[in-house]
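Here the structure comes first, spelled out in structure tokens, and everything after it is commentary.
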Amino acid sequence: MQEAIILCEGKLGEPTGKTARGLVRYSRKYRIAGVIDSTRAGLDAGEVVDGTKRDIPVFASLEEAVSSLESIPEVLIIGVATIGGRLPVEFRESIKNALRGGMDVVAGLHEFLSEDPEFSNIAANNGSSILDIRREPPLEKLHGFRNLASSMDAIRIPVLGTDSACGKRTTAIELTESLNGMGIKTIFVATGQTGLLQGARYGVPLDSIQGDYMVGELENAIYQAYIDEEPDVIVIEGQGSFTHPAYVCGTRAIISASKPSAMILQHAPGRKYRNYNPSLKIPLPDLEEEISLLEEFTKSQVIALGISHEDLKPEEVEKINHSLEQQFGIPAVDIYLEGADRLAKTLISHFPHLVAHLG
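In structure tokens, the structure reads:
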């Protein structure tokens, strides 16, 4: 496992810093040695992102990190997911210094750092590499739609959402862990750069795939997981929202590729507006309408709500969850406050044949 440091200047703990947040919470591919964000320097990154101490220090600069750590990290990871996927200009100096120091750089942006002449020249002169994980495969390797979900007997559960950056991936990963812990073989399929950076064995950076191949590429990843692993359940990471005006394509492709056996819907009740350009003030959708639209479109069922406690106190979350459960008759679960076991048990109750696999 390579040692890495995350560049997240000014964004740690914010929605734009979701790649850093995800890696601080969960990483099977890299050992996270620290995070760079001068506005949070001196704090523990875990405490910043979710209040849990993880002994991952936040540094004011790359230079401070290198001088403070026992060894120089092998990799610098770009820890932001910006609107439009562009590199913040204030990140450039740190990236150049990392490459000069022999570190490799890994990015999940739409702006490919390996195509930046300045970065590529520095990398070549210092034996460093630049990996853009959001790069689309060559045309000849892309897959079209083949209706493969119809041939899978594994249960397919996408964790969709009412907004972007609201906890879909984390809920999906925790649900996968919980089901596996109960003896039900479950595989997680990533659909974004953070899930792939965290070490997902299967998945695609969905929003980097051209439209004609989005569904086919994800369907192929799901099918490969099914063939290789023979799982009982496949949990698919959601993207955007079915009704998000800027991020609608991901959900639509995920639904078509997975043909959901059932769905979990992630929701951030403390938000007033969609996660996008704040000046637009796009309101969150009505939750009941979102559920109805998804169920009508998929001919499947939302069996549980995943809840993000963003901007809410624990007692507020408990009250809201109880209200939602009364309104919709399904569990409302904040995995950070109670874990994912209740979501797993809900899934099992809807698919009773899974009981035979319980450990």
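Okay, so the sequence shown: first residue is 0 according to numbering that gives the first Met the number 0, each after it adds one.
We put the CB at the ideal spot given by N, CA and C, even for glycine.
Since this is a predicted model, take the numbers as computed values, not measurements.
Practice task
Tell me whether I4 sits in a helix, a strand or coil according to DSSP, three-state version.
Solution key: Counting from one through the sequence shown, the residue named residue 4 turns up at place 5. Strand at I4.
Handout entry: Three-state class that DSSP yields for T185 in the structure shown
Key = Stepping through the sequence shown from its first residue, residue 185 is reached at position 186. The three-state reading of DSSP puts T185 in strand, counting E and B together.
Handout entry: Contact under 8 Å by Cβ, Y201 with A220
Key = Locating residue 201 in the sequence shown gives position 202, where the first residue counts as 1. Locating residue 220 in the sequence shown gives position 221, where the first residue counts as 1. It is a contact, given that the beta carbons lie within the stated cut-off.
Problem - Of the residues Y222, G12, I4 and G84, the one placed nearest I71, counting alpha carbons only - result: What you label residue 71 is simply residue 72 of the sequence shown in a count that begins at 1. When only C-alpha atoms are compared, the closest one is I4.
Problem - contact_flag[the region 332-344, the region 303-322] where n(CB pairs < 8 Å) is 3 or more - result: Flag = yes, the region 332-344 and the region 303-322 touch.
Exercise for the section: Tell me, to the nearest whole angstrom, how far the beta carbon of A339 is from that of E176; I am working on the premise that it is less than 8 Å. Expected result: Within the sequence shown, numbered from 1, the residue matching residue 339 stands at position 340. Within the sequence shown, numbered from 1, the residue matching residue 176 stands at position 177. About 7 Å; that satisfies the 8 Å criterion.
Handout entry: Three-state class that DSSP yields for V316 in the structure shown
Key = In the sequence shown, the residue the question calls residue 316 occupies position 317. Reduced to three states, the DSSP call for V316 is helix.
Handout entry: Bounding residues of the beta strand (DSSP E) (the contiguous stretch that carries D36)
Key = Taking the sequence shown and counting its residues from 1, the one referred to as residue 36 is at position 37. From DSSP, D36 is part of no beta strand (DSSP E); its letter is neither H nor E.
Handout entry: According to DSSP, residues forming a beta bridge with A303
Key = Along the sequence shown, one-based indexing puts residue 303 at 304. Answer is I263, bridged to A303.
Exercise for the section: Classify E217 as helix, strand or coil using the three-state DSSP reduction. Expected result: Working through the sequence shown from its first residue, we reach residue 217 at position 218. Before going further, note that residue 217 is Leu rather than Glu in the sequence given. In the three-state DSSP reduction, L217 falls in the helix class (H, G or I).
Problem - Three-state secondary structure (DSSP) of E229 - result: Here residue 229 is taken as the residue at index 230 of the sequence shown, counted from 1. In this structure, E229 counts as coil in the three-state DSSP scheme.
Exercise for the section: Note the first and the last residue of the continuous alpha helix (DSSP H) segment covering P116. Expected result: Here the question's residue 116 lines up with position 117 in the sequence shown. For P116, the enclosing alpha helix (DSSP H) begins and ends at P116 to N125.
Practice task
Using beta-carbon positions only, say whether V79 and T18 come within less than 8 Å of one another.
Solution key: Numbered from its first residue, the sequence shown carries residue 79 at position 80. Numbered from its first residue, the sequence shown carries residue 18 at position 19. The Cβ atoms of V79 and T18 lie closer than 8 Å to each other.
Exercise for the section: Step through the CB atoms of chain D and report whether any lies within less than 8 Å of the CB of L217. Expected result: The structure shown contains no chain D, having only a single protein chain.
Problem - Segment contact flag, the region 195-211 with the region 20-28, C-beta cutoff 8 Å, min 3 pairs - result: With a cut-off of 8 Å on Cβ pairs, the region 195-211 is in contact with the region 20-28, counting three or more such pairs.
Handout entry: Proximal residues to I132 (C-beta, below 8 Å), its chain only, five neighbours per side dropped
Key = In the sequence shown, counting from the first residue as 1, residue 132 sits at position 133. So the list reads V105, A106, G107, Q192, L195, L196 and P204, once near-sequence residues are dropped.
Practice task
Label L360 either buried or exposed according to how many other C-beta atoms from any shown protein chain fall within 10 Å of its C-beta, with 16 as the threshold for buried.
Solution key: For the chain, the structure presents residues 0 to 358; residue 360 sits outside this window and is missing.
Practice task
Express the C-alpha separation of R99 and F327 in angstroms, rounding to a whole number.
Solution key: For the purposes of this step, residue 327 is identified with residue 328 of the sequence shown, where counting begins at 1. For the purposes of this step, residue 99 is identified with residue 100 of the sequence shown, where counting begins at 1. About 56 Å.
Practice task
Can you give me the Cβ contacts of E287 inside the same chain, cut-off strictly under 8 Å, excluding the 5 residues immediately before and after it?
Solution key: The residue labelled residue 287 in the question sits at position 288 within the sequence shown. Closer than 8 Å at the Cβ level, and outside the excluded window around E287, lie Q326 and F327.
Handout entry: Limits of the alpha helix (DSSP H) - the one that L130 falls within
Key = As a position in the sequence shown, residue 130 is number 131, starting the count at 1. Per DSSP, L130 is not a residue of any alpha helix (DSSP H); the beta strand (DSSP E) it occupies stretches across I129 to D131.
Practice task
Would you kindly check if the distance between the Cβ of S257 and the Cβ of I290 is under 8 Å?
Solution key: Position 291 of the sequence shown, counted from the first residue, corresponds to residue 290. Position 258 of the sequence shown, counted from the first residue, corresponds to residue 257. No, Cβ-Cβ distance for I290 and S257 is not below 8 Å.
Exercise for the section: For the alpha helix (DSSP H) holding A44, just list the boundary residues, first then last. Expected result: The residue given as residue 44 occupies position 45 in the sequence shown. Unbroken alpha helix (DSSP H) run through A44: A44 to D49.
Exercise for the section: Count the C-beta pairs between the region 215-230 and the region 138-155 that are closer than 8 Å, then say yes if the count reaches three, no if not. Expected result: Look at the beta carbons and you see the region 215-230 touching the region 138-155: at least three pairs across the two are nearer than 8 Å.
Problem - Same chain, Cβ closer than 8 Å to K52, neighbours up to 5 away in sequence not counted - result: Translated into positions along the sequence shown, residue 52 becomes position 53. Excluding residues within five positions, the ones whose Cβ falls inside 8 Å are D43, G45 and E46.
Practice task
Rank S60, K28, E139 and T250 by C-alpha distance to the C-alpha of D162 and give the top, closest one.
Solution key: Here residue 162 is taken as the residue at index 163 of the sequence shown, counted from 1. If we check each option's Cα against that of D162, T250 comes out closest.
Practice task
Starting from the C-beta of I55, find all residues in its chain whose C-beta is less than 8 Å away, skip the five residues before and the five after it, and write them out in chain order.
Solution key: To locate residue 55, count along the sequence shown from 1; it is residue 56. V23, I31, A32, G33, V34, D43, A44 and G45, listed in sequence order.
Handout entry: Uninterrupted alpha helix (DSSP H) stretches inside the region 79-114 (no shorter than 4 residues)
Key = 91-99, all fully within the region 79-114.
Practice task
Within the same chain, show all residues whose beta-carbon is closer than 7 Å to that of G16, passing over the 5 residues directly before and after it, in chain order.
Solution key: Against the sequence shown, residue 16 aligns to sequence position 17. Cβ within range, chain order: C7, K10, G78 and V79.
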